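Asker: Let me give you the structure first, and then I'll get to my questions.
There are 2 protein chains.
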Amino acid sequence: MGRVKRVFQQIDPPARLLMGPGPINADPRVLRAMSAQLVGQYDPAMTAYMDETQALYREVFQTANEQTVLVDGTSRAGIEAALVSLIEPGDRVLVPVFGRFGHLLREIAERCGAEVHVIEVPWGQVFPLETITAAIERVKPKLLAVVHGDTSTTVAQPLEGLGEVCAQHGVLFYTDVTASISGNAFDTDALGLDAVTAGLQKCLGGPSGSAPATFSARAVEAIRSRASVEAGIRTEGDVTSSRRIASNYFDLAMIFDYWGPQRLNHHTEATTMLYGARECARLVVEEGLDQTVARHALHGSAMLAGVQGLGLEVFGDLEHKMNNVVAVVIPDGVDGDAVRGAMLTDFGIEIGTSFGPLHGKVWRIGTMGYNARRDTVLTTLSALEAVLRRAGAPVTTGGGVGAAYDVYADADRAAASSPVETRADAGTIAPEAASTDGTAGGAA
Amino acid sequence: MGRVKRVFQQIDPPARLLMGPGPINADPRVLRAMSAQLVGQYDPAMTAYMDETQALYREVFQTANEQTVLVDGTSRAGIEAALVSLIEPGDRVLVPVFGRFGHLLREIAERCGAEVHVIEVPWGQVFPLETITAAIERVKPKLLAVVHGDTSTTVAQPLEGLGEVCAQHGVLFYTDVTASISGNAFDTDALGLDAVTAGLQKCLGGPSGSAPATFSARAVEAIRSRASVEAGIRTEGDVTSSRRIASNYFDLAMIFDYWGPQRLNHHTEATTMLYGARECARLVVEEGLDQTVARHALHGSAMLAGVQGLGLEVFGDLEHKMNNVVAVVIPDGVDGDAVRGAMLTDFGIEIGTSFGPLHGKVWRIGTMGYNARRDTVLTTLSALEAVLRRAGAPVTTGGGVGAAYDVYADADRAAASSPVETRADAGTIAPEAASTDGTAGGAA
Chain F
1 MGRVKRVFQQ IDPPARLLMG PGPINADPRV LRAMSAQLVG QYDPAMTAYM DETQALYREV
61 FQTANEQTVL VDGTSRAGIE AALVSLIEPG DRVLVPVFGR FGHLLREIAE RCGAEVHVIE
121 VPWGQVFPLE TITAAIERVK PKLLAVVHGD TSTTVAQPLE GLGEVCAQHG VLFYTDVTAS
181 ISGNAFDTDA LGLDAVTAGL QKCLGGPSGS APATFSARAV EAIRSRASVE AGIRTEGDVT
241 SSRRIASNYF DLAMIFDYWG PQRLNHHTEA TTMLYGAREC ARLVVEEGLD QTVARHALHG
301 SAMLAGVQGL GLEVFGDLEH KMNNVVAVVI PDGVDGDAVR GAMLTDFGIE IGTSFGPLHG
361 KVWRIGTMGY NARRDTVLTT LSALEAVLRR AGAPVTTGGG VGAAYDVYAD ADRAAASSPV
421 ETRADAGTIA PEAASTDGTA GGAA
Chain X
1 MGRVKRVFQQ IDPPARLLMG PGPINADPRV LRAMSAQLVG QYDPAMTAYM DETQALYREV
61 FQTANEQTVL VDGTSRAGIE AALVSLIEPG DRVLVPVFGR FGHLLREIAE RCGAEVHVIE
121 VPWGQVFPLE TITAAIERVK PKLLAVVHGD TSTTVAQPLE GLGEVCAQHG VLFYTDVTAS
181 ISGNAFDTDA LGLDAVTAGL QKCLGGPSGS APATFSARAV EAIRSRASVE AGIRTEGDVT
241 SSRRIASNYF DLAMIFDYWG PQRLNHHTEA TTMLYGAREC ARLVVEEGLD QTVARHALHG
301 SAMLAGVQGL GLEVFGDLEH KMNNVVAVVI PDGVDGDAVR GAMLTDFGIE IGTSFGPLHG
361 KVWRIGTMGY NARRDTVLTT LSALEAVLRR AGAPVTTGGG VGAAYDVYAD ADRAAASSPV
421 ETRADAGTIA PEAASTDGTA GGAA
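If you read the sequences in order, they're chains F and X. Counting from 1, position 393 in the first sequence corresponds to residue 393 in UniProt numbering; the numbering is continuous, with no gaps. Counting from 1, position 105 in the second sequence corresponds to residue 105 in UniProt numbering; the numbering is continuous, with no gaps.
Following this line, the structure appears as structure tokens:
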């Protein structure tokens, strides 16, 4: 065979500050949670963790949806589970595309056999409500599938008003919030959403590999009407729909039965990822969702002001920019990849490249999750100034850090007159030792 | 909304010894590897870990296959990726079913739109080679999909000879080795397999959530002929097949391009699971695959002798029993779930229940991965004797531990005359500090 048995060294990654569009550094608390030993799949401790994870994500998603679960895979596993479970071949699906992940929704919907109708705006822009409304009225889709925040362009599509339009036309309303969740204001139920999927590796501060998702009663009804019980565990009386979902792994009806009181065996839950997903949500709930969003707004503003203060241009509609990522135009004559390489090699800081029409034109710099902090913003701006200067680019000396400092000073002044909670001194949440009864805090 | 913001305690699972059919306790080394901080998706450190993971799993699978990758999901994600990427609607697929997971292969193949032909034997038995051969000649399938070891019945289907038959008839040959890999002799290339999928949570000693998989050149060709590049990252000249794979997430052509030198973005790799999967394989390669299998054979024999020594009957064809799990017939008049409950509550030991026709009839006891050890076997047998006696079942006092001790004594005697390597004193592998050059050991 010519195979050589090679033994590699233990995992020991270099220290990196991940300031790209995600993944970012996992919160150390998440990694600690993930280092806990396993328990059995149906151990009372495990099923309790599953129930708690559902409750925590109801808070993160701002929903009362019973069916709030984890899909075991990366964020696109959540997307595919939602789409393949909701879409039947031939269904009309409307996908407003304003970046890479809109194309992904389109492509997955196509693979589900949908008749996909696409509307597009140039990257960096979003749709006015009336454009999507007009398309709904024209296409009469079964499903509207739209990305909330698209890291490829840094903007978030406003979803306000779409829920009413969808309800009026009997359209199921789905969004992916992988890039935006807990870093930007988002309320599943207030927006009238039927299906929402996410991932851990952005503002939630965890590793990729688990996809939290939530489904309205209307979505659950559509999914359950296609239910099917696996042959190996089927008992008499179980029904299999002729409109069976095309995937077993992503069959949400089965996943609901696994997470629900039936505990009907489907996959073997990825316990370590569940530990991590639970801790991600626990961090947000402890800090308070509004405070988490406010923290992302603050550090995102500081980063934006900082790159502008360096004299750099930013890309995209700033009015709709997500709090947690900014696209910085690579100055003329500067080798974008060389700058990224120097940031990584010399400062241990990762900033992001770009896809599609923006490839080679912008860097993407994130301030999210555990890395939405003052020290990370100032460190990144300081390093960027140094690297750009060395690359021969014109930069405003001290302009990046200075502008960010100004944003923080303003925030500190505002906080002094009207205290804003931060993670370090979150007031509503009792310390860990005090929450041993499993409940704490007031109504959300 | 009536939602109440609840804060739950940190992850702190009870101490359990998981002696069921999996998941089992993760090797502490795997959990430590998984606690490492993340690096960026295309960080040189990350892509090096990906390459190393591929090399390590080539050794675990005993293959020279270039396309040896992880699918980001539980073991059934690996199964579905293999089947949906290989099967086109209308293809004939032959599935020999001898337990629950054969039914799963059938059901996934059906959802892929295959014309599925099933042959069955009663649970606990396996197929003679000539039965499968005759079915291949009759059905003329494109794909033979057969489970290797099925934990639902504890037996493993012998695969020897099937590769030749498949090659002769132009049939793609796929097996799932989730339950058997590294606990039982298995050689992908010698068996002539085209596709093999696995999971971490059995003999590999990791948590569920990553599915190692390997594909022959012939399988890769079949998959690549259906390749398609995602719209959001497509460039001119990229081709999209009209026979596009029905899933984006499980499109192996895309997954190969992500793992290959192109590094074409697909999902965001589940870094923490990759760290874990890599460490699982590193453990096996350090111990030596043959030694890992021998360890499972030893402790599996001791457990089998032990339950028989207690006076209990075992289920299934012992000639084909996997090393790593035994099905124990629940004695008449004994409440199987009450015994499992007492084992868990009073001794912290989990043993398994059963599915389908065996539900309520057998317990399944595993000896796998990190838990294939002398102390776990003796502790489990000792606890089982105590619990059964208290439940009023007739048991041979000391018969379980005694019989297991005899197996170990025989092994110790054999080792004294012809030394067998164990993990504690593995001879061929240099200690960690000595393998800093990333290579050690000789030819496999």
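All C-beta atoms, glycine included, are put in the ideal place defined by N, C-alpha and C. Since this is a predicted model, take the numbers as computed values, not measurements.
What residues in its chain sit with their C-beta under 6 Å from that of F:Phe39, if we drop five residues either side in the sequence?
Answerer: Working through the first sequence from its first residue, we reach residue 39 of chain F at position 39. A small fix is needed here, since residue 39 of chain F is Val in this sequence, not Phe. Closer than 6 Å at the Cβ level, and outside the excluded window around F:Val39, lie Ala45 and Met46.
Asker: Bridge partners for F:Leu144 per DSSP, in chain order?
Answerer: Position 144 of the first sequence, counted from the start, is the residue given in the question as residue 144 of chain F. F:Leu94 and F:Phe173.
Asker: Counting only beta-carbon separations shorter than 8 Å, does F:Asn248 have a partner in chain X?
Answerer: Residue 248 of chain F sits at position 248 when you count from the first residue of the first sequence. So, interface residue.
Asker: According to DSSP, which residues form a beta bridge with X:Glu120?
Answerer: In the second sequence, the residue the question calls residue 120 of chain X occupies position 120. DSSP, once it has assigned bridges, lists X:Val97 as partnering X:Glu120.
Asker: So for X:Thr63, helix, strand or coil by DSSP?
Answerer: For the purposes of this step, residue 63 of chain X is identified with residue 63 of the second sequence, where counting begins at 1. X:Thr63: coil per DSSP, three-state reduction.
Asker: For X:Val262, is the classification buried or exposed, using 16 other Cβ atoms within 10 angstroms of its Cβ as the cut-off for buried?
Answerer: Here residue 262 of chain X corresponds to residue number 262 of the second sequence, with the count starting at 1. It should be noted that the sequence gives Gln, not Val, for residue 262 of chain X. Under this definition X:Gln262 is an exposed residue.
Asker: With burial defined as no fewer than 16 other Cβ atoms inside 10 Å of the residue's Cβ, what is the status of F:Glu160: buried or exposed?
Answerer: The residue you call residue 160 of chain F lines up with position 160 of the first sequence. Exposed: under 16 other Cβ atoms inside 10 Å.
Asker: Could you check whether the Cβ of F:Gln157 sits closer than 8 Å to any Cβ belonging to chain X?
Answerer: Position 157 of the first sequence holds residue 157 of chain F. Output row for F:Gln157: interface = no.
Asker: Are the beta-carbon atoms belonging to F:Glu107 and X:Glu164 less than 8 Å from one another?
Answerer: Translated into positions along the first sequence, residue 107 of chain F becomes position 107. Translated into positions along the second sequence, residue 164 of chain X becomes position 164. Against a cut-off of 8 Å, the Cβ pair of X:Glu164 and F:Glu107 comes out as no contact.
Asker: Starting from F:Thr197, follow the beta strand (DSSP E) in both directions and report where the run begins and ends.
Answerer: Here residue 197 of chain F refers to the residue found at position 197 of the first sequence. Unbroken beta strand (DSSP E) run through F:Thr197: Ala195 to Thr197.
Asker: Kindly list, in the order they appear in chain F, the residues whose Cβ is closer than 8 Å to that of X:Tyr275.
Answerer: Against the second sequence, residue 275 of chain X aligns to sequence position 275. By Cβ distance, chain F contributes Ile11.
Asker: Check whether the segment 195-204 of chain X and the segment 69-89 of chain X are in contact - that is, three or more C-beta pairs closer than 8 Å.
Answerer: Yes, the segment 195-204 of chain X touches the segment 69-89 of chain X.
Asker: Would the segment 279-297 of chain F and the segment 53-70 of chain F be scored as touching if the rule is three or more Cβ pairs under 8 Å?
Answerer: The answer is yes - the segment 53-70 of chain F touches the segment 279-297 of chain F, with three or more Cβ pairs under 8 Å.
Asker: Beta-carbon of X:Ile108 versus every beta-carbon of chain F: anything under 8 Å?
Answerer: Walking along the second sequence from the start, residue 108 of chain X turns up at place 108. Interface residue, yes.
Asker: Across the segment 328-338 of chain X and the segment 374-392 of chain X, are there enough close Cβ pairs to call them in contact, namely three or more that are closer than 8 Å?
Answerer: In short, these stretches touch, since the Cβ pair count reaches three.
Asker: Please state whether the Cβ-Cβ distance between F:Trp123 and F:Leu344 is less than 8 Å.
Answerer: Position 123 of the first sequence holds residue 123 of chain F. Position 344 of the first sequence holds residue 344 of chain F. Contact: no.
Asker: Grab me the residues of F:Thr436's own chain with a C-beta within less than 7 Å of its C-beta, minus the 5 sequence neighbours each way, in chain order.
Answerer: For the purposes of this step, residue 436 of chain F is taken as the residue at position 436 of the first sequence. Here the model assigns F:Thr436 a pLDDT of 36, short of 50, so the residue's position is not dependable and the matter cannot be decided.
Asker: Just how far apart, CA to CA, sit F:Ala372 and F:Gln37?
Answerer: The residue given as residue 372 of chain F occupies position 372 in the first sequence. The residue given as residue 37 of chain F occupies position 37 in the first sequence. Using only the alpha carbons, I get a separation of about 30 Å.
Asker: Taking Cβ to Cβ, would you say F:Phe98 is nearer than 8 Å to F:Val121?
Answerer: Here residue 98 of chain F refers to the residue found at position 98 when the first sequence is read from its first residue. Here residue 121 of chain F refers to the residue found at position 121 when the first sequence is read from its first residue. Yes, the pair counts as a contact, with Cβ atoms nearer than the cut-off.
Asker: May I ask you to report which of helix, strand or coil DSSP gives F:Gly40?
Answerer: Here the question's residue 40 of chain F lines up with position 40 in the first sequence. Coil, per DSSP.
Asker: State the Cα-Cα distance for the pair X:Asn323 and X:Thr63, rounded to the nearest angstrom.
Answerer: Position 323 of the second sequence, counted from the first residue, corresponds to residue 323 of chain X. Position 63 of the second sequence, counted from the first residue, corresponds to residue 63 of chain X. About 22 Å.
Asker: So, at 6 Å on beta carbons, what are the nonlocal neighbours of residue 446 of chain F in its own chain, with the 5 sequence-adjacent residues on each side left out?
Answerer: Residue 446 of chain F falls outside the range modelled here, since chain F spans only 1 to 444, and no answer is possible.
Asker: In terms of DSSP beta bridges, what is X:Lys321 paired with?
Answerer: Residue mapping note: residue 321 of chain X aligns to position 321 of the second sequence, counting from 1. Answer is X:Val155, bridged to X:Lys321.
Asker: Suppose contacts are defined by Cβ-Cβ distances below 8 Å. Is F:Met34 in contact with F:Tyr258 by that definition?
Answerer: Here residue 34 of chain F refers to the residue found at position 34 of the first sequence. Here residue 258 of chain F refers to the residue found at position 258 of the first sequence. For F:Met34 and F:Tyr258, no; Cβs fall outside 8 Å.
Asker: DSSP state of F:Val30, grouped into three classes?
Answerer: The residue given as residue 30 of chain F occupies position 30 in the first sequence. Note: F:Val30 maps to helix in three-state DSSP.
Asker: For X:Phe61 and F:Arg364, what's the separation of their Cα atoms in angstroms?
Answerer: Here residue 61 of chain X refers to the residue found at position 61 when the second sequence is read from its first residue. Here residue 364 of chain F refers to the residue found at position 364 when the first sequence is read from its first residue. Each residue's Cα considered, the two are about 39 Å apart.
Asker: Is it true that the segment 248-257 of chain X meets the segment 89-105 of chain X, where meeting means three or more beta-carbon pairs spaced less than 8 Å apart?
Answerer: No contact exists between the segment 248-257 of chain X and the segment 89-105 of chain X.
Asker: Using a Cβ-Cβ distance under 8 Å, would X:Asn184 count as near chain F?
Answerer: Reading the second sequence from its first residue, position 184 is the one you call residue 184 of chain X. No, no contact with chain F.
Asker: Would you be able to state if there are at least three C-beta pairs under 8 Å between the segment 404-419 of chain F and the segment 303-318 of chain F?
Answerer: Flag = yes, the segment 303-318 of chain F and the segment 404-419 of chain F touch.
Asker: So X:Thr271 contacts chain F; which residues on that side make the cut at Cβ distance below 7 Å?
Answerer: Position 271 of the second sequence holds residue 271 of chain X. Chain F residues near X:Thr271: Pro23, Pro207 and Ser208.
Asker: Between the C-alpha atoms of X:Gly438 and X:Ala48, what's the straight-line distance to the nearest angstrom?
Answerer: In the second sequence, counting from the first residue as 1, residue 438 of chain X sits at position 438. In the second sequence, counting from the first residue as 1, residue 48 of chain X sits at position 48. Confidence is the limiting factor: at X:Gly438 the pLDDT is only 37, short of 50, which leaves the residue's position unreliable, though a coordinate-based value still follows. Each residue's alpha carbon lies about 11 Å from the other.
Asker: Below 8 Å on the Cβ atoms is my guess for X:Leu31 versus X:Glu350; work out the distance and round it to an integer in Å.
Answerer: Locating residue 31 of chain X in the second sequence gives position 31, where the first residue counts as 1. Locating residue 350 of chain X in the second sequence gives position 350, where the first residue counts as 1. Rounded, the Cβ-Cβ distance is 18 Å, inconsistent with contact.
Asker: With F:Asp399 as the anchor, note down where its alpha helix (DSSP H) starts and where it stops.
Answerer: Taking the first sequence and counting its residues from 1, one reaches residue 399 of chain F at position 399. As written in the sequence, residue 399 of chain F is Gly, which differs from the Asp given in the question. Segment Gly399 to Ser417, the alpha helix (DSSP H) holding F:Gly399.
Asker: Does X:Ala77 have its Cβ less than 8 Å from a Cβ in chain F?
Answerer: Numbered from 1 along the second sequence, position 77 holds the residue referred to as residue 77 of chain X. True, the Cβ-Cβ gap to chain F drops below 8 Å.
Asker: For F:Thr133, does the three-state DSSP call read helix, strand or coil?
Answerer: Indexing the first sequence from 1 puts residue 133 of chain F at position 133. In this structure, F:Thr133 counts as helix in the three-state DSSP scheme.
Asker: Going residue by residue through the segment 297-382 of chain F, where are the continuous alpha helix (DSSP H) segments of at least 4 residues, counting only ones entirely within it?
Answerer: Correct list: 336-347.
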